[in-house]
Structures are given as C-alpha cells and as structure tokens.
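Same order as they appear, the protein sequences are chains A and B.
Residue numbers for the first sequence follow this note's numbering, so the first one is 1 and each next one is one higher.
Residue numbers for the second sequence follow this note's numbering, so the first one is 1001 and each next one is one higher.
We treat Cβ as the ideally placed atom computed from N, Cα and C, and that holds for glycine.
The structure presented is a predicted model; accordingly, all values stated were derived computationally and were not measured.
Okay, so here's the structure we're looking at.
There are 2 protein chains.
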Amino acid sequence: MKNQALTLLDTVERLGHLLRAGLRQAGTTNGLQPMHLQALLYLNEANRYSNTPQALAEYLGLTKGTVSQSLLLLARRRLIARHADEKDGRLVRLALTDKGKEVLKELGVGNAWRDALQQASPARLSSATKVLKEALAILQTKSGQKTFGVCVTCRHNLHIGPRSYVCGLTKEKLSSREVSKICREHSPIEENVA
Amino acid sequence: MKNQALTLLDTVERLGHLLRAGLRQAGTTNGLQPMHLQALLYLNEANRYSNTPQALAEYLGLTKGTVSQSLLLLARRRLIARHADEKDGRLVRLALTDKGKEVLKELGVGNAWRDALQQASPARLSSATKVLKEALAILQTKSGQKTFGVCVTCRHNLHIGPRSYVCGLTKEKLSSREVSKICREHSPIEENVA
DNA sequence: ACGCTACGTTTCGTGTCGATACTATTAATT
DNA sequence: AATTAATAGTATCGACACGAAACGTAGCGT
Chain A
1 MKNQALTLLD TVERLGHLLR AGLRQAGTTN GLQPMHLQAL LYLNEANRYS
51 NTPQALAEYL GLTKGTVSQS LLLLARRRLI ARHADEKDGR LVRLALTDKG
101 KEVLKELGVG NAWRDALQQA SPARLSSATK VLKEALAILQ TKSGQKTFGV
151 CVTCRHNLHI GPRSYVCGLT KEKLSSREVS KICREHSPIE ENVA
Chain B
1001 MKNQALTLLD TVERLGHLLR AGLRQAGTTN GLQPMHLQAL LYLNEANRYS
1051 NTPQALAEYL GLTKGTVSQS LLLLARRRLI ARHADEKDGR LVRLALTDKG
1101 KEVLKELGVG NAWRDALQQA SPARLSSATK VLKEALAILQ TKSGQKTFGV
1151 CVTCRHNLHI GPRSYVCGLT KEKLSSREVS KICREHSPIE ENVA
C-alpha cells in the first residue's frame, strides 16, 4: 500500500477510459465522436445561463473555436438548434432538438453503471461519492476551472419559499426544475472552512 | 437523492474530464496529445508481456492502426524505442527512451491529485477506492475488455517463495519488481464469489 | 465617439481515429 | 510438407478534433 491517492487516481483514470470508450462505441452507431455526445449530454442539463458555446467550451476544457466547429456539425445533423439571444446579440442559445433528445435516450448512458453499482451498499457508495466530490472541487478550483454544479449546491441560490428559488447573482426566479440543472456560474457552498 | 449511482457516475465523468484536460495542457508544452502521454504512461508500467502496440491498443480501446500512427510519431521524437522480438518476428517491443522517461518525470502527473486528496482520511480513501475498483472490474468484464491489472492481483501469479514469483500462464519467473507492473493477460482473483 | 472586452466564427495546420487493404510471421490442418 | 488460418504490424484514405490566430460584431466603459 504505497500511496492510496495514486491507486485511486489510477482507478478513476481507468474508469474514465471506459466511459470514453463506451461513448466512442455508442457514437459510432450515429457517426458521432465522444465529444459530440458530451456536448449533447451537457446541453441536456444546462440551465438558462449556461446553454451557450462559450459555457460548453469551459465545461469541456476546449477552446471556443474548436467547440464552434463541433456545434456546426451537430446543427448540420439537426441534433441541436441555435438561435440568437434577444437581449444580448452576442450570445447564441443552444438547445437540443427532439431528434437530439432521442439520440440521448437511445444511448442509455448510465445504464451499465447502474447495473455495475447495484451490488455496492448505498452507504459506501455515498461515502465514495463524497470523497470524490471533495477531490473534484479542490482540483477544479486549483486548476482555475469553474465547477459547473447544480444550483442547489450553489451559494448564490436562495431558497425563498416552498418550491421558490432566486439566484442571488442574476436576481432572477428559478423554477424547482431549474435548480437541479448545471450552471456556469456555480460556486460551491463552503462547508468545512476549518 | 434520486440515484446514488448516477451522481457517482457524474462525478467520475467530471474527474475524467479534468484528468484529460490536465493531460492536454501538460502535453501542449511538448507538442503532445493526451493520447501520447497515456501511451508513455502505459509503457512505463507495462510488463514484458504487454509492451507491444497491440496491447497498448487494447488498453486504450483503440484500433491497432490508430495506435500504430501515434507510435510512429513518438518514435520520430525519440520518446520510445522499437525493436523486433527475437523469438516472435511478428512482435514489436516498445520501450521508453531516457528522453521519454524524462518527459514523464517533468509532467508530474499525479501531483495535483496527491495534494487534493491529502485532506481525506485514509480509511475513507481506501473505501472509495474499493467501491470504484469493484465497479471497474464489473464494467470491464461486462464490456469484454481486459482488466490490465498488476500481477500481484492476478490469479495466474504464483508466489513460490520470498521475492520469488512465477506466472502460471507462461511458466516464467518474474522479479518482485515485475509483479507490480501492468499485464495484458491479467485476470483478477475472484474473492467474493458469493 | 472612443477604446475595451466578451462572444462567436473562420481558416489553417497537425494529429486522432476507424475502416480497409496490405505484408510478414507463426500456428493449425490437412 | 503444403495449405490454410490466425496474429502482429504497417500504409493509406477520409472525416473530424483541436489549438492558434485573425476576424467580425455586440455590449460596456470612459
């Protein structure tokens, strides 16, 4: 047992491999690259502040030019729709088309995982999740990346009543559905400031 | 708390992103793609049965043609050495050059991780590792992939004395250093056959 | 009006990646 | 021994990812 952190790193790395290989295989059916599927998955979960090319680029850690190309391809195949924002002429809003949603459904991305983890005890599962989430948060802030969490775990999110939320950053009301979506401006609630 | 497995999946996915982004950034310094670094990392850990193009292709989940191209590039830059196997003329043995090892050292791949996980308690760390390893094994066998573990955890490995090992598959002696390397023929020891 | 910054696209060069076709060596069959 | 099959690797092609850099445009500041 030389270094626990490194064996965990290795395991996560291998899991990442598997996920990627799975995406690749799933994608070849539709002639899509892993990156395309990741984009679709992201857009399916992005809230109204985060459905733009720039946000996607930040999420994937790629340059905007690269992302622009891939979005062009996805639009060509009618998997996403693009239309300009009405308030801000610089922004392009991205949304999945029905066809795009269908592709995601057919993939059934998490299915293999659900099966694989069914044996594990929920307690240990949640413990593992917690460890990894902490690590993720540390690594993200350390590398200067945004965290891209859901509003529920965001310090800007204000729970002002039953099923009633407001984003302290934009002062806009958020539906209870929207607060479980990914936001580009997400800033995690700091709990253990010890 | 709708589905623990899926949130864990999500976290691992994001960690995979980060790892990949880190590799990409680290690689641009030397003009290398993530895949190249993964290849170098693999060759640094591969045992004598597994340092071939084919094994690398299986490890990365790519086709041999693709891998062949990347290896060509790495050889061009003198990061790896290629020479034919003496017994089997079809095989090409791959090895890191001194320059290749140096590149890996400069990267310091796991450093950020070590730091990020230093706060976590060892007990929870090992628990998380265990959960993920189980999931990994299940997913690997399910997707028909090889496990690529180290000999120590392989059912073929026989511990015949102090610091003395033999691979039951090839009947060859293995050094104590070699049994901690990655093997293509790895088959995990099944513990909980419950 | 002026620069300044942010968002997005375009272009270009390098490289990944799968598919296919090909060579060479070894193993299996007849 | 000769033929056939299987395995390891390479070569070529086309589609596309990716970063870098240049560009256009919209909003924001003085």
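Q: Kindly say whether Arg-1124(B), judged by its beta-carbon, lies nearer than 8 Å to any beta-carbon of chain A.
A: yes
Q. Are the C-beta of Ser-68(A) and some C-beta of chain B separated by less than 8 Å?
A. no
(Q) Using the Cβ count rule (16 or more neighbours within 10 Å means buried), how would you classify Asn-1030(B)? (A) exposed
(Q) Is Ala-163(A) close to chain B? Criterion is C-beta to C-beta, closer than 8 Å. (A) It should be pointed out that residue 163(A) corresponds to Arg in this sequence rather than to Ala. By this cut-off, Arg-163(A) is not an interface position.
Q) Any C-beta of chain B sitting closer than 8 Å to the C-beta of Leu-117(A)? A) yes
Q. Should Asp-10(A) go down as buried or exposed, given a rule of 16 or more other Cβ atoms within 10 Å for buried?
A. buried
Q. Helix or strand or just coil, what does DSSP make of Cys-183(A)?
A. coil
Q: Would you list the one or two residues that DSSP bridges to Leu-41(A)?
A: The partner list for Leu-41(A) (beta bridge, DSSP) is empty, contrary to what the question assumes.
(Q) Here's the rule I'm using: 16 or more other beta-carbon atoms within 10 Å means buried, otherwise exposed. How should Gly-65(A) be labelled? (A) exposed
Q.
Taking CB distances under 8 Å as the criterion, tell me whether Leu-1019(B) reaches chain A.
A. yes
Q | Contacts around Lys-1173(B), its chain only, beta-carbon distance under 6 Å, and the 5 residues preceding and following it disregarded | A | Val-1166
Q) Taking only beta-carbon atoms, is Gly-1110(B) less than 8 Å away from chain A? A) yes
Q.
Counting only Cβ pairs nearer than 7 Å, list the residues of chain B close to Lys-133(A).
A. Thr-1011
Q) Quick one, which of Arg-1077(B), His-1159(B) and Val-1092(B) has its alpha-carbon nearest Ala-1084(B)'s? A) Val-1092(B)
(Q) Between the alpha carbons of Lys-133(A) and Leu-1125(B), how many angstroms are there, rounded? (A) 12 Å
Q. Smallest Cα separation from Glu-1190(B): which of Val-1179(B), Ile-1138(B) and Lys-1171(B)?
A. Ile-1138(B)
Q | chain A contact for Gln-1054(B) (CB, 8 Å cutoff) | A | no
Q | Where Ile-1138(B) falls: helix, strand or coil (DSSP) | A | helix
Q: Name the one or two DSSP bridge partners that Cys-1197(B) has.
A: Given a span of 1001 to 1194 for chain B in the structure shown, any question on residue 1197(B) remains unanswerable.
Q) From Trp-1113(B) to Leu-15(A), what distance separates their C-alpha atoms? A) 16 Å
Q: Kindly say whether Leu-1139(B), judged by its beta-carbon, lies nearer than 8 Å to any beta-carbon of chain A.
A: yes
Q) Should the region 48–58 of chain A be called in touch with the region 1169–1183 of chain B, which here means at least 3 C-beta pairs below 8 Å? A) no
Q) Are the beta-carbon atoms belonging to Gln-1033(B) and Leu-18(A) less than 8 Å from one another? A) no
Q) So Ala-1026(B) packs on Leu-1107(B), CB below 8 Å; how close in whole Å? A) 5 Å
Q: Ignore the nearest five residues each way along the sequence and tell me which others in Leu-73(A)'s own chain have a CB closer than 8 Å to its CB.
A: His-36
Q) Taking the continuous alpha helix (DSSP H) assigned at Gly-89(A), which residues delimit it? A) Element bounds for Gly-89(A): n/a, residue is neither H nor E.
Q: List the residues of chain A that Gln-1004(B) touches, going by C-beta distances under 7 Å, in chain order.
A: Pro-122, Leu-125, Ser-126 and Thr-129
Q: Answer with buried or exposed for Asn-1047(B), where buried requires no fewer than 16 other C-beta atoms within 10 angstroms of its C-beta.
A: buried
Q. Would a C-beta distance cut-off of 8 Å place Gly-1061(B) and Ala-21(A) closer than the cut-off?
A. The answer is yes: Cβ separation under 8 Å.
Q) Beta-carbon of Ser-1050(B) versus every beta-carbon of chain A: anything under 8 Å? A) no
Q. Given that Thr-7(A) touches chain B, what residues does it touch there, using C-beta distances under 7 Å?
A. Thr-1129
Q: Quick one: grab the DSSP three-state call for His-156(A).
A: Annotated three-state conformation of His-156(A) is coil, per DSSP.
Q. If we ignore side chains and look at the alpha-carbon of each, how far apart do Leu-71(A) and Asn-157(A) end up?
A. Using only the alpha carbons, I get a separation of about 30 Å.
(Q) Using a Cβ-Cβ distance cut-off of 8 Å, determine whether Ser-1143(B) contacts chain A. (A) With a threshold of 8 Å between beta carbons, Ser-1143(B) makes contact with chain A.
Q) Among Thr-1147(B), Asn-1051(B) and Gln-1145(B), which one has its Cα closest to the Cα of Ala-1081(B)? A) Asn-1051(B)
Q.
Does the CB of Arg-14(A) have a neighbour CB from chain B at under 8 Å?
A. yes
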